[in-house]
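So the sequence shown is numbered by numbering that gives the first Met the number 0: it starts at 0 and just counts up by one.
Okay, so here's the structure we're looking at.
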Amino acid sequence: MYFNETHEAFRASVKRFVDREINPNMDEWEEKTVPLHDLFKKMGDLGFLGIRYDRKYGGQGLDYWYETVLLEEIGHIRGMGVPTAIAVQTNMATPAIAAFGSEYLKESYLKPAITGDMVSAIAVTEPDAGSDVFAIQTKAVKKDGYYLLNGSKTFITNGTQADFLTLLARTGGEGYHSFGLFIVPTDLEGFHVNKKLDKVGLRSSDTAELFFEDVKVPEENLIGDDREGFIYQMQQFQHERFATLPGTCAAVQDMIDMTVDYLRQRVVFGKPLITKQVLRHRLAGWVTRNEALKQLTYHIVRKKMEGQDATKEVSMGKLLAGQLISEVATGCLQMFGGMGFMNETLISRYFRDTRILSIGGGADEVMLEIIARIEGF
Ligand SMILES: Cc1cc2nc3c(=O)[nH]c(=O)nc-3n(C[C@H](O)[C@H](O)[C@H](O)COP(=O)(O)OP(=O)(O)OC[C@H]3O[C@@H](n4cnc5c(N)ncnc54)[C@H](O)[C@@H]3O)c2cc1C
């Protein structure tokens, strides 16, 4: 009902790429981290990094349905570190450049991000400010021809490999109108990657702590107005949060499929485990909730296609996705028994990787707060 032949042909090409170029490398990348320049160049050559972006900058000029197809198919990657790294490039660090950036920024940063010649990262979170974005302390002070940047950012995905950061900093002024969103090239003097962080999951992606000491960011690297960065970032978060939904549906389905295969062949008390009604019902409940999440996702796409605001639905989807994917990963691992706790069993990777979804990009409680506010209570 939602996808036509052209969508399905596109889906097949992304699937082929995932099966050939990504999944066979996942075990190695879990150990060594995904080499993003290499991967993004290949994806850029195939047009996968600029689905919705203007053809003028190397994009495909397609719509949200095609973006959904891409996000669904990268959701089938065997582990969530690489889909996260890709989504940073397509849905987290670049939407604000496309929406509010100058021609110069689009030519110099959006275009190479789309072609895969540059790796990007989104730098909002700081050691003392995560959920409360308003509390960030990194400062960009306007000087003659540049902004002087001082501060630090943490938990930055793609942070050790990025060529540029889309970075939120305080610029002075009142209330929410006191932030600028900047494109910060990582070869500027005064920028340091303090360290690559050691994480529970998403081990194939790199996550870094970054420092800025008197970094001179050229004034043309400011996105839009230097008082409106907070507003731009709130809009950019909508693309980020939406990006988690299609991939969650795909990963939940994959976890269920691999668990059903195991339950069919694992004999306990003289019968395959799949014959136990309590397990079959648990699986059926997850399939049901995953279908509901998928339908909410498609409803959001329809709203976006109509140009309607979908903040409430995206927040609901992000909340549901984080809760469902963690429950399914934990529950499926339980059904694998001791084998589920072995690193050689793929479900153990999902168990580690899925936990972040209820925290990153706005924790569950932040989503609930947004929903409550929109509901008016
Ligand atoms: C692997 C990983 C990758 C990340 N990638 C990036 C990135 O690329 N760029 C970037 O900028 N950031 C990134 N982050 C940061 C992420 O977005 C933050 O961790 C997240 O927003 C939560 O912020 P915090 O960690 O400071 O938790 P805190 O803000 O300290 O919150 C702690 C907990 O308190 C609860 N809480 C928060 N607010 C409320 C509330 N209003 N009511 C009730 N409870 C509440 C929540 O349960 C929350 O988990 C990443 C984080 C991780 C772990």
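By construction, the Cβ of each residue, glycine as well, lies at the ideal position given by its N, Cα and C atoms.
{"query": "For Ala161, three-class secondary structure by DSSP", "result": "coil"}
{"query": "Neighbourhood of Ile369 by C-beta distance below 6 Å, restricted to the same chain and skipping five residues each side", "result": "Ser314"}
{"query": "Ser177 - containing beta strand (DSSP E), residue span", "result": "176-184"}
{"query": "Local conformation of Gly316 per DSSP, three classes", "result": "helix"}
{"query": "Of the residues Gly306, Gly321, Lys302, the one placed nearest Glu312, counting alpha carbons only", "result": "Lys302"}
{"query": "Those runs of the alpha helix (DSSP H) which lie wholly inside the stretch 221-304 and span at least 4 residues", "result": "228-264, 276-304"}
{"query": "Opposing strand residues paired with Ala128 [DSSP bridges]", "result": "Glu125"}
{"query": "Boundaries of the beta strand (DSSP E) in which Gly150 is found, first to last residue", "result": "145-156"}
{"query": "Residue of Phe16, Val68, Lys55 minimising C-alpha distance to Glu7", "result": "Val68"}
{"query": "Distance CB(Gln333)-CB(Ser357) smaller than 8 Å", "result": "no"}
{"query": "Expected contact under 8 Å - CB spacing of His75 and Ala309 to nearest Å", "result": "That belief does not hold up - the Cβ atoms of His75 and Ala309 are roughly 25 Å apart, past 8 Å."}
{"query": "Residue nearest to Arg354 in terms of C-alpha spacing, selected from Tyr297, Met257, Val300, Thr247", "result": "Thr247"}
{"query": "Whether Phe192 touches Thr159 by CB criterion (8 Å)", "result": "The sequence given here has Val at residue 192, not Phe. Yes, the Cβ-Cβ distance between Val192 and Thr159 is below 8 Å."}
{"query": "Beta-carbon proximity of Val17 to Glu106, cut-off 8 Å", "result": "no"}
{"query": "Among Leu196, Leu48, Met233, Leu345, the one whose alpha carbon lies nearest that of Leu166", "result": "Met233"}
{"query": "Minimum C-alpha distance to Asp186 - residue among Gly179, Ala207, Leu196, Lys215", "result": "Lys215"}
{"query": "Cα-Cα separation between Gln59 and Asn289, rounded to whole angstroms", "result": "29 Å"}
{"query": "Ala362 Cβ short of 7 Å to ligand 1 heavy atom set", "result": "yes"}
{"query": "For Gly200, the nearest candidate out of Leu345, Met338, Ala92 (CA to CA)", "result": "Leu345"}
{"query": "Three-state secondary structure assigned by DSSP to Asp213", "result": "strand"}
{"query": "Three-way DSSP call (helix, strand, coil) for Leu69 in this model", "result": "helix"}
{"query": "Residues that Ala191 bridges to, as DSSP identifies them", "result": "Per the sequence shown, the amino acid found at residue 191 is His instead of Ala. Answer by DSSP bridge pairing, in chain order: Phe210."}
{"query": "Test item: CB-CB of Ala97 and Thr156 under 8 Å", "result": "no"}
{"query": "Residues near Gly339 in its chain [Cβ-Cβ closer than 8 Å; skip 5 each side]", "result": "Cys331, Leu332, Gln333, Ile346, Ser347, Phe350"}
{"query": "Proximity winner among Thr296, Leu272, Asp53, relative to Lys110 (alpha-carbon distances)", "result": "Asp53"}
{"query": "C-beta atoms of Leu244 and Thr296 nearer than 8 Å", "result": "yes"}
{"query": "DSSP-derived helix/strand/coil call for Leu35", "result": "helix"}
{"query": "Cβ distance (whole Å) where Met91 is taken to contact Glu239 below 8 Å", "result": "4 Å"}
{"query": "Closer than 7 Å: Glu368 CB and nearest ligand 1 heavy atom", "result": "yes"}
{"query": "Enclosing alpha helix (DSSP H) for Val13 [first to last residue]", "result": "4-16"}
{"query": "Through-space distance from Thr274 to Leu180, alpha-carbon basis", "result": "56 Å"}
{"query": "Residue of Tyr63, Met42, Gly43, Leu45 minimising C-alpha distance to Arg51", "result": "Tyr63"}
{"query": "Cβ-based neighbour list, Ile113, same chain, cut-off 7 Å, excluding 5 preceding and 5 following", "result": "Gly43, Leu48, Gly49, Tyr52, Tyr56, Gly57, Gly58"}
{"query": "Closest by C-alpha distance to Pro184, when choosing among Arg279, Leu164, Lys194, Asn342", "result": "Leu164"}
{"query": "Cut-off 8 Å between Cβ atoms - residues of its own chain near Tyr145, not counting five sequence neighbours on either side", "result": "Lys215, Val216, Pro217, Glu218"}
{"query": "Backbone CA spacing between Glu305 and His298 [nearest angstrom]", "result": "11 Å"}
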